[in-house]
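Visitor: What follows is a structure written as C-alpha cells; I'll ask about it next.
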Amino acid sequence: MVKEPFNVQTPHALLLGDNRVQGKETILIGITTRRHGVSQYPFQSLNMGFHIHDHPNSVLENRRRLSEQLNIPLNQWVQTEQVHGTEIFRVTKEHAGQGARDLQSVIKNGDGLYTTDKDLLLVACFADCVPLYFYSKKGHAIGLLHAGWRGTVRLASQKMVHLWEEELNLKPDDIHVVIGPSIGPCCYVVDEKVVSEIHKIKGIHIEQVATPLDEHHVSLDLKKLNCLLLQQVGVPDRNIIQSSYCTSCSNDLFFSHRKEKGKTGRILGFIGINEEKDENEKR
Numbered sequence: 238m239v240k241e242p243f244n245v246q247t248p249h250a251l252l253l254g255d256n257r258v259q260g261k262e263t264i265l266i267g268i269t270t271r272r273h274g275v276s277q278y279p280f281q282s283l284n285m286g287f288h289i290h291d292h293p294n295s296v297l298e299n300r301r302r303l304s305e306q307l308n309i310p311l312n313q314w315v316q317t318e319q320v321h322g323t324e325i326f327r328v329t330k331e332h333a334g335q336g337a338r339d340l341q342s343v344i345k346n347g348d349g350l351y352t353t354d355k356d357l358l359l360v361a362c363f364a365d366c367v368p369l370y371f372y373s374k375k376g377h378a379i380g381l382l383h384a385g386w387r388g389t390v391r392l393a394s395q396k397m398v399h400l401w402e403e404e405l406n407l408k409p410d411d412i413h414v415v416i417g418p419s420i421g422p423c424c425y426v427v428d429e430k431v432v433s434e435i436h437k438i439k440g441i442h443i444e445q446v447a448t449p450l451d452e453h454h455v456s457l458d459l460k461k462l463n464c465l466l467l468q469q470v471g472v473p474d475r476n477i478i479q480s481s482y483c484t485s486c487s488n489d490l491f492f493s494h495r496k497e498k499g500k501t502g503r504i505l506g507f508i509g510i511n512e513e514k515d516e517n518e519k520r
C-alpha cells in the first residue's frame, strides 16, 4: 500500500513529508484543512477563498493564521484568479503579495503559476478540483496549477511541462509532480458533456479513467487522468506522487463543492522553496 504523501499534520494544514531538494533547501508543499478558522456557516471554519461571499475579514484572519504557522508573511504570497482555464504565468518577487489579502489584486485570468524565486509562496483555492504541485531539483523551480475537469481536458498540466522545457530549459525527466487531495472517482460522477471532451484527448481511452454507471454517467478519476497526461509528455511515473485523499469522502477535513452542493468554503494549496539558515544567519 502506498503511503499517503500529505502525512505531516499541523493545526491548519497537511504538509508533504520527505521534501528535501538539495543542501539546505526544501520544497514546502501543503494544503489547508477546514479546521481551526473563524469563518461562519456555511464556510466554517478555515475558509481561504475571498470569492465566495464569506466576510473578507474572516478570510484574511484565516490566511493570517496560516501565514503565522508557516512563518511566511502574506506579502510573499501570490495567487491567480482561477477561471477554469489553462493560462499559466511566471511570477517573480515583483508579484509578491498579489491576491494575498483581497480578491481585487489577484493575477487575472490564470489558473497556474510558476517561479524560480525562493521568497514566494504560490497559492490557489480548491474544493474538489485537483491541485498539481510542480517542482524540479535542478532548476529551483516550483509551480502550482488548479485543474478542474475543464483545465484537465484542455491539457493545462501538459502546458506547465512545456513551459518549463521552453522557459527554464528543464527536461520532463527533471520535473516532479505531486497530485494533491481532490475529489475521487468514488464521488465524482460526470455526464456525457465531460465524457465527450475526454474522448477528444489523443492517446487517452475513457476506460482508463472512468467507470460507466448508466447510459449517461460515469465515475471519473480526475487524478489518474492528470497523471496519464503528465506521462504523455515525458514526466516519469516515478516522479509523480498522488494523494489518496478524496475531498468529498473526507468532508470533515476538507471543503467539498460537490458534497456540499456548492455552499462551502475553499481550502488552499501552497508551494514554496525554503532555505534553512544556520545559527549565524539567524542572528
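The opening position of the sequence shown corresponds to residue 238 in my numbering, with each subsequent residue numbered one higher.
Using N, Cα and C, we set each Cβ at its ideal position, and we do this for glycine too.
1) Quick check: what's the CA-CA separation for L253 versus T247?
2) Could you tell me the boundaries of the alpha helix (DSSP H) in which A378 lies?
3) With DSSP collapsed to three states, give me the class of S481.
4) Who are the Cβ neighbours of K519 in its own chain at under 7 Å, not counting the five residues just before and after it?
5) With DSSP as the reference, please indicate the residues paired to W314 in a beta bridge.
6) Helix, strand or coil: how does DSSP classify R520 here?
7) Determine whether the beta carbon atoms of L311 and N299 lie at a separation below 8 Å.
8) Could you name the residues that DSSP lists as bridge partners for F243?
9) Assuming A250 contacts L303 (C-beta within less than 8 Å), just tell me the rounded distance between them.
10) Between the beta-carbon of L405 and the beta-carbon of G440, is there less than 8 Å?
11) In the structure shown, what three-state DSSP assignment does F287 receive?
12) For the putative contact between A378 and V367, defined by C-beta atoms under 8 Å, what is the C-beta separation to the nearest angstrom?
13) Taking the alpha carbon of K500 as the point to measure from, which residue in D255, I264, Y278 has its own alpha carbon closest?
Guide: This is what the structure holds:
1) 11 Å
2) No alpha helix (DSSP H) contains A378, which DSSP labels as neither H nor E.
3) coil
4) Caution applies to K519, whose pLDDT of 44 falls short of 50 and renders its modelled position unreliable; the value that the coordinates give is listed next. Nothing listed; no residue qualifies.
5) L358
6) Interpretation of R520 is limited by its pLDDT of 41, a score under 50 that renders its predicted location unreliable; no figure is taken from the coordinates.
7) no
8) Looking at the DSSP assignment, F243 forms no beta bridge with any residue, so it has no partner.
9) 7 Å
10) no
11) helix
12) A378 to V367, Cβ: 20 Å. No contact.
13) Y278
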